[in-house]
Structure formats: C-alpha cells, structure tokens
Amino acid sequence: MIERTVTIVNRKGLHTRPAASLVKTAARFQSELIIRKDNLEINGKSIIGVMTLAAEQGSTLTLQFDGPDEEEACRAMEDLFRRGFDEE
Amino acid sequence: MDTASSAGQEIILKGVAAAPGISFGPAYLYSKLIPHVEEKPITEEEVPAEIERLHNANARSEKELQKIHAFAEQKLGSQNARIFEAQIMILADAILMGAIEKRIAEEHRNAEFIVADEITKYKQIMLASHDEYMHERAHDVEDVMNRIIRNIQDQKLYSRLEGASIIVSESLAPSDTVIFSRNQVLGYATDLGGVTSHAAILARSLKIPAVVGLRTATKLITTGDTIAIDGYAGLIVLNPTEETLGTLQRKKGRYTEFEGRLVNIAGISAETADHKQIELSANIAFETEIEFSRAQGSAGIGLFRTESQLIGKTSYPGEEEQYEAYRKVADEVYPHSVIFRTFDVGGDKIAPDTEHEANPFLGWRGIRVLLDRPELFLDQIRGILRASTRKNVRIMFPMISTVQELRRAREIVAQAKKELDERALPYDPDIKIGIMIEVPAAAVLAEQMAAEADFLSIGTNDLIQYLLAVDRDNAAVAPLYQQFNPAVLKTIRHIIDAGHKKGVWVGMCGEMAGDPLATVLLVGLGIDELSVIPSVLPEIKKIILSIKYKEAKRVADKVLAMSTEEEIRDHLSSITKNKVPEIPLDE
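Heads up: the protein sequence lines correspond to chains B and P, in order.
Residue numbering for the first sequence follows this note's numbering, beginning at 12 and increasing consecutively.
Residue numbering for the second sequence follows this note's numbering, beginning at 7 and increasing consecutively.
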C-alpha cells in the first residue's frame, strides 16, 4: 500500500473534466485507489464519488493505492496532478 | 374549427414575446416527471431479473442522454452541452453500479429504491458543500437518478406528443430540451422565465414561436385545448374565436411575406432616407445570442444583461469568472461594441442574497445594491474593464436616481482601474460610462446626469411604470400602462434634448425601442441609438430606411401636441402604414 498527498494546481479545481481524467487514469490499473479529503473518503475509480470532492485549487488530497501495480498507478496519478490535468 | 362552440370562452393571456412567429394547434401540457419510488421486497429468485431491469434502464438512459447531448451541442453550444457528458459518465460508473447491484442482491430490495438511496447519498454530500458549483452538480446527479428510476419503472419519457402541438409548461430546464428534438413542436408557452431563459433562446434558434412569463398558462390550459400563440405580441389565446384566428392568420401571412423581403437588409446600416444614422443594436443576455443578433443585422450589443452570470448561482461570481465571460462577448462582438449593464438585481430579477421586500420595485435594486456592496461591484467592474482592451466595451449603470449615485459609481470604476494598474493588467483607459434613465427623478434631472455621463440609455419598461404609477403585471391596472401616454413621450423628448445639450448620445433599450409603432416618433425625437430584441431588428431597420428624418421630426412635433394615447397611437399607426405599407402592424 502506498499513500501520497497531492495538491490541486489547476485553476478551476477538480471540476468535471479533471475528475473524468482522474477516474480514467485510475481505471487503467488493477490497484484500488482511495481518495481522502477532510472527513470524506471515496473510491478513485468512481466518477460520482470524485465529483463530491469539491476540491478547489490549492486543496490537498490523500491518495491511497493498494494492489499489484500500485507503484505505477501512483506515479501516473502524481504526474496527472502535477500537470494540472493538462487543463492550461 | 369549432373550437369556440365546443370548448368555451376565448381567453387571452399576456406574456413576454420570446421568439417570433404565429401558430395554432392543440396544447400539450408538459410537466416534469418526478418518479415515485416505493420500497418493495424481492425474493432471491427475483434478484437476477431485478438487476437485468437496472441494466436495461441504464442502457435506455444512456441512449436518451446521448440524444439530448448531441441536440444540445448543436443548438446551445458545447459549453451548455457539457452537463450531459457528466450525466453520461455517471451512468457508466462501475463502482456506483456495482454497489447498487450488490445491495439489490444482498438486501433483496427493488432496484429503483436502491438506486434512489445510493445516489441520494452523493447528492446530499454535494448539497452540504458551500460551493455553488457543487449545488449545480447535485442537480445533475438528481436528474440522472430520476432518469434511471423512470426507465426502471419503464415509463415513457413524456406521454408522447399526439401530432403537432404547442407545448405549455411551467419552465424549461436544459435537460428538457429533448422535447424540442421532435419536429412537431408548433410553439412554446411557459408560466415562468424571461426572454433570456433557455427556452426562449432555444425557441429562437429553432424558429419556433415562444411566449414566456405567462404566469397561469399551466393552470388555465389543459392538453388538447385549442390555442393560438402570437410570438410577436407575446400572447396566447385559449379557445380562439373564428375572428381571432382570422386576424392572426392574416398577421402571420403579412409577416411571412415581409420576412421574405428582409433577407437583404441585414448587411446595411440603419439610416433614414435623408441619411441620418441610427445605431441599431441588440439586447441580449448570453454570448450564444450574438450570432443570431448579427444575422438579424445588429450593429453591436446595446444592452448586455449581466444578470445572466448569476443564473443557477447561489453567490456572486468572482472577477476572474466574469472577466472570462465578458471577454468572450467582447471578442465575438468586435469590431462592433458592447454595453455591459452592471448587475440589475432586485425588483423582479434574481438576486442571490436579497431578502423578501414588500415593495421590491421601490426597494433595494440596481445601483443601490451595487453601491452597498462595493466588493461585488468592484469584482464586476474589474471583470468588465479587463475585457475592454479592444476598446469596444462600455459600462452602463442601472436604476440611477441621483447624481451622487452616478458619482459614487464612477469612483468605483476609478478605484477598479487603479487596482488593475497595480496588478499591471491592461484595460481601455477611455472606457465610456453611461447610465440607464429609468427612474423619473433621473429623467427630470437628465441634463445634470448627462453632464457627468458619457451616454444615456432610456429604459422604458421601468420608466413608464414609475412615471404612470402602474404595475403592468397587475391585470387590474395593466391597461393603464400606456407606452404612448403623452406624459411618457414628453419625458422622452426631455431626456433626448438634455443629452444633446450636453453633447452625449441618447439611446433607448426598453421594449418601446422594439415597437414598430414607435420608430418614426423616436427617430423624429432625435434618438441616436435603438437597442432591441434581435427578433424585431429587421422590421425596425426597414422602417428607419423608409422614412426621412425631416418628416419624422414633423410627426414627433404633431404627436407631442396631442393629449391622449389613443390619438397618438392612431396617428402613428396611419403614418407608419402609409410610409412602410409592408410592415405588419397589428390590426
């Protein structure tokens, strides 16, 4: 199991489009992804779950990967956050 | 048709003309379907069939949403269509659907109950957020939930239009647009909404007549009633008599003929036969309306209602969000210009955070709200200023009633400029600042106002109701709302003369500007600019092209000496019919 803290860098936060790329990226891997923000814990492979996060620019999320390809999954996801979901 | 004899008395409902056109037909009462969900136990043997129902419902829901999405994208633009993409993704959410299936199997309860229970959990989390964006998403989630449940229950979307019909509904949400995708909609009538509602915009783009803001249409009209819709006058006639149908049929014929001849004047500028230029522009609220306005022959946007930025919001949008919206509008209108009217909230318009007032039209609205909330006002002004770099943007303040208000508003603009200078952000330093003249006090003081403003724009709707002390939405006194009341005309002349005396241009952006009966008079009074709803642009332009300023001045002088509205209307009607016989004025 790997745990990472990431920050939302794109200006519009985790709105629908970034939420979709997050879910799509998570779905490429076998590993489970649990995302925590404040008191909320959701499944990173669920779009409706990610939509509830209301994560605006500057907020931090805890990502927890668990599974055979957790390291690759973690790398791919950290990269996606760093690129600001290729928003701008 | 034997409508009058079989179906009772003729009733005329007055609303707001939202999309031009005239049609007749059976009414179809459309009501939003909110499915009823009951909790029902199922047996172990029934579980596979129940899950099968869920799968089928999801597949049907997806098909419906794909269709709506394609339609919305084509008619409303990809930005407005994006909300359906999110809904489609939710249907394909394997985690969500897996959880629902698991609960059906373990709890032995019916699919629709579990769907409602499971999706409502997410909706509640979104509603608990303080973010207005999350509240909008909660509606999407609810929408998709209702769609799945309806399909599980195997209910048809709407009990199908039986042939061509005029849709009557309370209001229309973007997700209801699918009803328009059938080619059998003859017209559209709603209780709520203004010319800027989604329904109105869509109807215009589809060239279907629409009347909105009818208030009681859904109470008075039932499915199958014969109705007529007049999208020029903003009228719905229930059980129209033979006579009414004949009148409307002739009016429709005149318009069809007239519109056929108008196609070639969109590109020419509006000037009288003796070469007096009138700036003819459009009143809009959404960027998506610019294209239609241009096609109709507008020379720019004379009134952009920024309240559209507040639709669906629970708090005011910030500078950045507004800047992006205004920038798009300014770019699209270029090389013509756009006048952004700052938020005119209060009165009958939406206000995210205002309290109920006993007398809202005399209450906290327009510039009064903005001056009491300088932080909001500054956000908006900075947003507009930043969109002004191509020098085609102007600012206009609503509901000014004293010179002090104008001065304070100008100070806010100066402060906003200073703040942008500090942030090294560009804007047009010479941006023109004007005011709406819609309060009688401002009309009386027009000269002092003009001395401190760069332009004046007459807002006739409020000016007339304040001047004549008539609430035009109150049926008991509505006939006293007289656009051509001599007191109104004298006031308009005073405003125009005062503006010209101080060397500023005077325009009009109220409904009167778009009334073909008023055009000769307004040109004769020396109006510099007319800003009208896009649908009437060609008619107004045609009148301007057909008359001489010299003659119009004489008409204005003659009319201003008259004592009653009736005389004035009669005179203007005969002059207009004589000068521009092809204009389809009301009989």
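Here a beta-carbon is modelled for each residue, glycine too, at the ideal position from N, C-alpha and C.
Cβ of residue i within 7 Å of any chain B Cβ
i, result
"Arg-221/P", "no"
"Pro-358/P", "With a pLDDT of 49 at Pro-358/P, under the threshold of 50, the modelled position of this residue cannot be trusted; read the value that follows with caution. Pro-358/P does not count as touching chain B."
"Ser-343/P", "no"
"Ile-101/P", "yes"
"Tyr-128/P", "yes"
"Ser-321/P", "no"
"Met-140/P", "yes"
"Ala-393/P", "no"
"Asp-137/P", "yes"
Chain B residues whose Cβ lies nearer than 7 Å to that of residue i
i, result
"Arg-143/P", "Met-62"
"Ile-96/P", "Ile-58 and Ile-59"
Residue i classed as buried or exposed, judged by whether at least 16 other C-beta atoms fall within 10 angstroms
i, result
"Gly-324/P", "exposed"
"Gly-240/P", "buried"
"Leu-368/P", "exposed"
"Asn-157/P", "buried"
"Gln-315/P", "buried"
"Ile-214/P", "buried"
"Ile-533/P", "buried"
"Glu-381/P", "exposed"
"Asn-245/P", "buried"
"Thr-278/P", "buried"
"Lys-129/P", "buried"
"Met-455/P", "buried"
"Asn-152/P", "buried"
"Arg-311/P", "buried"
"Asp-626/P", "Residue 626/P lies beyond the range of chain P shown here (7 to 593); nothing can be said about it."
"Met-12/B", "exposed"
Chain-ordered neighbours of residue i on chain P, where CB pairs are closer than 7 Å
i, result
"Thr-36/B", "Simply none; closest approach about 14 Å."
"Leu-91/B", "What Leu-91/B touches in chain P: nothing, since even the nearest Cβ is about 17 Å away."
7 Å Cβ cutoff, residue i in contact with chain P
i, result
"Asn-54/B", "yes"
"Thr-27/B", "yes"
"Ala-87/B", "no"
"Ala-65/B", "yes"
Residue i in three-state terms, based on DSSP
i, result
"Leu-528/P", "helix"
"Asn-289/P", "strand"
"Phe-367/P", "helix"
"Ile-13/B", "strand"
"Gln-15/P", "coil"
"Thr-9/P", "Note on Thr-9/P: pLDDT 39, under 50, position unreliable in the model; no value is reported."
"Lys-108/P", "helix"
"Ser-177/P", "coil"
"Pro-446/P", "helix"
"Lys-23/B", "coil"
"Gln-283/P", "strand"
"Gln-130/P", "helix"
"Arg-251/P", "The sequence given here has Leu at residue 251/P, not Arg. Leu-251/P: helix per DSSP, three-state reduction."
"Ala-195/P", "strand"
"Leu-72/B", "strand"
"Lys-48/B", "strand"
"Arg-94/B", "coil"
"Lys-46/P", "coil"
"Ser-579/P", "helix"
"Ala-216/P", "strand"
"Thr-36/B", "helix"
"Tyr-332/P", "helix"
Residue i: contacting residues in chain P (beta-carbon distance under 8 Å)
i, result
"Leu-51/B", "Ile-131"
Chain B residues whose Cβ lies nearer than 8 Å to that of residue i
i, result
"Val-147/P", "Ile-59 and Met-62"
Inter-residue CB distance, residue i and residue j (contact presumed, cutoff 8 Å)
i, j, result
"Gln-71/B", "Val-17/B", "Checking the sequence, you will find Thr at residue 71/B rather than Gln. Correct: roughly 7 Å between the Cβ atoms."
"Leu-469/P", "Glu-444/P", "5 Å"
"Ala-209/P", "Ala-25/P", "4 Å"
"Ala-92/P", "Ala-78/P", "Contact doesn't hold; Cβ gap of about 13 Å is too wide."
"Ala-558/P", "Val-586/P", "About 12 Å separates the two Cβ atoms, so there is no contact after all."
"Val-351/P", "Glu-313/P", "6 Å"
"Ile-227/P", "Leu-35/P", "7 Å"
Chain-ordered neighbours of residue i on chain B, where CB pairs are closer than 9 Å
i, result
"Arg-88/P", "Thr-27 and Arg-28"
Contact set between residue i and chain P, taken where Cβ atoms lie within less than 9 Å
i, result
"Ala-31/B", "Glu-91, Ala-92 and Met-95"
Proximity test, residue i beta-carbon vs the ligand PLP heavy atom, cut-off 6 Å
i, result
"Glu-428/P", "Summarising the ligand content, the structure contains no ligands, and the ligand PLP is consequently not present."
Cutoff 7 Å: residue i Cβ touching any chain D Cβ
i, result
"Glu-79/P", "The structure shown has no chain D; the protein chains it does contain are B and P."
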